[in-house]
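**Q** Residue numbering for the sequence shown follows this note's numbering, beginning at 476 and increasing consecutively.
Starting off with a structure, shown below.
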Amino acid sequence: MPFHCSHFRTRRLWYIAVNIDEFRDAGYRTVDLIASYLEGLDDAPVQTRAMPGSVRAQLPTKAPEQPESWDEILSDVERIVMPAIANWQSPGWFAYFPASSAPPAVLGEFLSAGFAQQGMLWATSPACTEIEIHVMDWLADLCALPAKFRSDGTGGGVIQDSASSGSLVALVAARERVRRVTPGLPLEKTVAYVSSQTHSSLVKGARVAGYGMIREVAVDENFAMDADALAQAIRMDSDAGLVPAFVCVTLGTTSSGAFDPLSAVGAIAKSEGIWCHVDAAWAGAVGICHEYRELFEGLEYADSYLWNPHKWLMTNFDCTAFWIGDRQELIDTLSIVPEYLRNAQTDNAAVIDYRDWQIPLGRRFRALKLWFTLRSFGAEPLRQHLREHISLAAELEKRIRGDNRLLLSAPHSLALVCFAHRDGDIATQRLVDNLNATNRVFLGTTRLDGTLVIRVAIGSPWPVAERVDELWNLISELA
Ligand code: PLP
Numbered sequence: 476m477p478f479h480c481s482h483f484r485t486r487r488l489w490y491i492a493v494n495i496d497e498f499r500d501a502g503y504r505t506v507d508l509i510a511s512y513l514e515g516l517d518d519a520p521v522q523t524r525a526m527p528g529s530v531r532a533q534l535p536t537k538a539p540e541q542p543e544s545w546d547e548i549l550s551d552v553e554r555i556v557m558p559a560i561a562n563w564q565s566p567g568w569f570a571y572f573p574a575s576s577a578p579p580a581v582l583g584e585f586l587s588a589g590f591a592q593q594g595m596l597w598a599t600s601p602a603c604t605e606i607e608i609h610v611m612d613w614l615a616d617l618c619a620l621p622a623k624f625r626s627d628g629t630g631g632g633v634i635q636d637s638a639s640s641g642s643l644v645a646l647v648a649a650r651e652r653v654r655r656v657t658p659g660l661p662l663e664k665t666v667a668y669v670s671s672q673t674h675s676s677l678v679k680g681a682r683v684a685g686y687g688m689i690r691e692v693a694v695d696e697n698f699a700m701d702a703d704a705l706a707q708a709i710r711m712d713s714d715a716g717l718v719p720a721f722v723c724v725t726l727g728t729t730s731s732g733a734f735d736p737l738s739a740v741g742a743i744a745k746s747e748g749i750w751c752h753v754d755a756a757w758a759g760a761v762g763i764c765h766e767y768r769e770l771f772e773g774l775e776y777a778d779s780y781l782w783n784p785h786k787w788l789m790t791n792f793d794c795t796a797f798w799i800g801d802r803q804e805l806i807d808t809l810s811i812v813p814e815y816l817r818n819a820q821t822d823n824a825a826v827i828d829y830r831d832w833q834i835p836l837g838r839r840f841r842a843l844k845l846w847f848t849l850r851s852f853g854a855e856p857l858r859q860h861l862r863e864h865i866s867l868a869a870e871l872e873k874r875i876r877g878d879n880r881l882l883l884s885a886p887h888s889l890a891l892v893c894f895a896h897r898d899g900d901i902a903t904q905r906l907v908d909n910l911n912a913t914n915r916v917f918l919g920t921t922r923l924d925g926t927l928v929i930r931v932a933i934g935s936p937w938p939v940a941e942r943v944d945e946l947w948n949l950i951s952e953l954a
């Protein structure tokens with residue numbers, strides 16, 4: 476029986492009718508499939524062996540003209556989709572940064588689709604807006620953020636679809652700030668400052684926002700931005716008639732987990748009237764642990780701050796927590812009110828309309844999955860989860876230091892360890908290829924100071940201690 480299309484069976488819909496009982500049954504079976512997938516992750520190969528084009532080769536060239544049953548659809552999921560997915564949640568996945576997810580968030584996502592809210596305005600979904608405001612205030616408190624970032628301060632929090640989008644919003648607001656000070660300022664004169672270690676999304680965002688120049692500031696021996704070099708670059712640019720508008724401070728860089736000196740850069744930005752944006756996409760999660768708070772000192776200088784619960788906090792993509800210190804700057808930059816979006820609550824300035832806090836108009840009910848994650852796990856178990864990964868990384872670092880065939884490439888940062896083979900890039904590449912060929916682990920590489928480096932980012936939501944041990948045994952065997 477086709478689940479989604481049985482003509483004229485119900486009076487609720489006209490030509491395509493949905494049978495709710497069949498939906499219920501299909502839903503249970505789909506949840507069963509997800510549960511079995513999660514149960515099997517420990518034993519499953521970490522990476523797919525799919526080849527380019529291998530998925531499409533199994534699909535019909537044309538969309539079906541007639542309904543197919545949910546049985547047929549789910550069996551194709553098992554036959555075609557599952558062998559070609561990368562097992563990001565596997566305890567053996569150490570590549571990139573984690574994109575962790577866990578059942579509470581999965582169910583939040585499910586409900587979000589079921590309720591199908593369009594939360595562009597408070598009026599189009601009061602629950603979508605108010606739960607988001609509230610959960611972002613919870614998270615601000617858990618991270619002990621400065622009061623301005625709370626909704627009862629001058630700013631507030633919002634969930635963006637990605638760190639890239641959040642940084643773009645900040646870049647655009649920063650651009651408009653300098654253009655308000657100097658009306659008619661040509662965009663070619665605006666400068667955004669990053670370092671060689673800043674994530675590429677900032678460079679992309681600065682291009683999209685139309686900055687005239689993206690200045691790459693030097694880093695120190697630990698790959699952190701050199702604040703003196705920044706001050707000098709700003710001085711030179713100002714003397715040349717350019718307008719410094721934006722600086723990105725990264726807390727936990729992608730390649731090595733370095734922390735830019737936030738207080739020093741923030742103080743420079745403040746004295747020059749430059750927008751200070753803080754990207755802690757991965758590392759921001761540990762702001763919920765009291766003992767790591769000093770890593771975030773200087774956040775009072777930040778005009779905008781973001782990190783991704785969808786990286787390390789078990790809330791599946793997409794979920795970027797973004798805070799702004801002065802919400803009016805965002806609203807002045809992004810708000811456009813056509814007649815068709817007007818409503819009494821907006822007109823009376825009684826509500827937050829999140830469409831003014833992001834680039835797209837429409838928005839999903841993302842707050843559900845974050846709300847469920849925080850409630851189902853509780854802050855203390857979440858802290859323990861992060862701490863366990865950090866201590867496993869410290870142990871791995873110790874073992875690497877003790878092996879004279881290997882070199883630590885940077886001081887280990889939280890749950891990220893970067894190392895290389897002492898014999899150089901070819902040996903490092905061979906080692907990572909051999910490790911990945913086992914399919915018990917999956918690791919990525921980067922370059923630091925021109926040298927090829929293997930990254931181990933610990934962050935699976937499932938128990939990982941045994942797999943980190945196994946990783947070390949494999950490294951010792953294959954180095
Ligand atoms: N910033 C940093 C430091 C990152 O490491 C990443 C991704 O790994 C990003 C930004 C981009 O994140 P997103 O995929 O949410 O745009």
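Note that the Cβ used here is the ideal one computed from N, Cα and C, for glycine as well.
By Cβ distance below 7 angstroms, which residues in the same chain neighbour Ala580 in space, the five residues on each side in sequence not counted?
**A** The answer, listed in chain order, is Met789, Thr790, Asn791, Lys844, Phe847 and Thr848.
**Q** For Gly899, tell me which candidate among Leu883, Glu696, Thr913 and Ser888 has the shortest Cα-Cα distance.
**A** Comparing Cα-Cα distances from Gly899 to each of Leu883, Glu696, Thr913 and Ser888, the minimum goes to Leu883.
**Q** Could you check how far apart the C-beta atoms of Val633 and Trp832 are, in whole angstroms? I think they sit under 8 angstroms.
**A** With 8 angstroms as the limit, Val633 and Trp832 qualify as a contact, their Cβ atoms being about 4 angstroms apart.
**Q** The ligand PLP and His785: does the residue's C-beta get closer than 8 angstroms to at least one heavy atom of that ligand?
**A** Yes, the ligand PLP has a heavy atom inside 8 angstroms of this Cβ.
**Q** Report whether the distance from the Cβ of Ala756 to the nearest heavy atom of the ligand PLP is below 8 angstroms.
**A** Yes, the Cβ of Ala756 comes within 8 angstroms of a heavy atom of the ligand PLP.
**Q** Can you round the beta-carbon distance between Phe624 and Gly800 to whole angstroms, since I take them to be within the 8 angstroms contact cut?
**A** Phe624 to Gly800, Cβ: 6 angstroms. Contact.
**Q** Are the stretch 638 to 651 and the stretch 720 to 735 touching, with three or more C-beta to C-beta distances below 8 angstroms?
**A** With a cut-off of 8 angstroms, the stretch 720 to 735 and the stretch 638 to 651 count as touching, because enough Cβ pairs lie within range.
**Q** What first and last residue would you give for the beta strand (DSSP E) that runs through Ala932?
**A** Run containing Ala932: Thr926 to Ala932, per the beta strand (DSSP E) assignment.
**Q** Along the alpha helix (DSSP H) that carries Tyr512, what are the first and last residues, could you check?
**A** Note, Tyr512: alpha helix (DSSP H), Ile495 to Gly515.
**Q** If you reduce the DSSP assignment to three classes, tell me which class Ile799 lands in.
**A** If DSSP states are grouped into helix, strand and coil, Ile799 belongs with the strands.
**Q** May I have the straight-line CA-CA distance separating Gly934 from Ala940, to the nearest angstrom?
**A** Looking at the two C-alpha atoms, the distance is approximately 11 angstroms.
**Q** Could you pull the DSSP bridge partners for Ser670 from this structure?
**A** In the DSSP output, where bridge partners are listed per residue, Ser670 has Val692.
**Q** Which residues in the same chain have their Cβ closer than 6 angstroms to the Cβ of Met688, if we skip the five residues on either side of it in sequence?
**A** Closer than 6 angstroms at the Cβ level, and outside the excluded window around Met688, lie Val666.
**Q** Under 8 angstroms: do the stretch 727 to 738 and the stretch 767 to 776 share three or more Cβ pairs, one atom per stretch?
**A** The stretch 727 to 738, when compared against the stretch 767 to 776, does touch it at the 8 angstroms Cβ threshold.
**Q** Please report the straight-line C-alpha distance between Ile834 and Leu809, rounded to a whole angstrom.
**A** Roughly 8 angstroms between the two C-alpha positions.
**Q** Three-state secondary structure (DSSP) at Tyr571?
**A** Looking at Tyr571 - three-state DSSP - the assignment turns out to be coil, as it is neither helix nor strand.
**Q** Less than 9 angstroms separating the beta-carbons of Trp563 and Ile827?
**A** No.
**Q** Can you find at least 3 beta carbon pairs, one from the stretch 884 to 898 and one from the stretch 725 to 733, that sit closer than 8 angstroms?
**A** Verdict: yes, contact present.
**Q** Can you list, in chain order, the residues of its chain with a C-beta nearer than 6 angstroms to that of Asp908? Leave out the 5 residues immediately preceding and following it.
**A** For Asp908, where only same-chain residues beyond five positions count, there are no Cβ hits under 6 angstroms.
**Q** Quick check on the burial criterion: 16 or more other C-beta atoms within 10 angstroms. Buried or exposed for Phe590?
**A** Answer is exposed; the Cβ neighbour count stays below 16.
**Q** Does DSSP put Thr725 in a helix, in a strand, or in coil?
**A** Three-state DSSP puts Thr725 in a strand.
**Q** Specify the secondary structure class of His896 as computed by DSSP and reduced to three states.
**A** Three-state result, His896: strand.
**Q** Quickly, what does DSSP pair Trp782 with across the bridge? List them, please.
**A** Per DSSP, Ala796.
**Q** Determine the direct distance from the alpha carbon of Asp627 to that of Leu850, and round the result to whole angstroms.
**A** Note that residue 850 corresponds to Arg in the displayed sequence, not to Leu. Cα to Cα, the separation comes out at about 22 angstroms.
**Q** Under 8 angstroms, with one C-beta from each stretch per pair, do the stretch 559 to 576 and the stretch 517 to 535 reach the 3-pair mark?
**A** As far as the Cβ criterion goes, the stretch 559 to 576 touches the stretch 517 to 535, which means the pair count is three or higher.
**Q** Taking the alpha-carbon of Ala532 as reference, which of Phe797, Ile555 and Leu549 has the nearest alpha-carbon?
**A** Minimum Cα distance to Ala532 is reached at Ile555.
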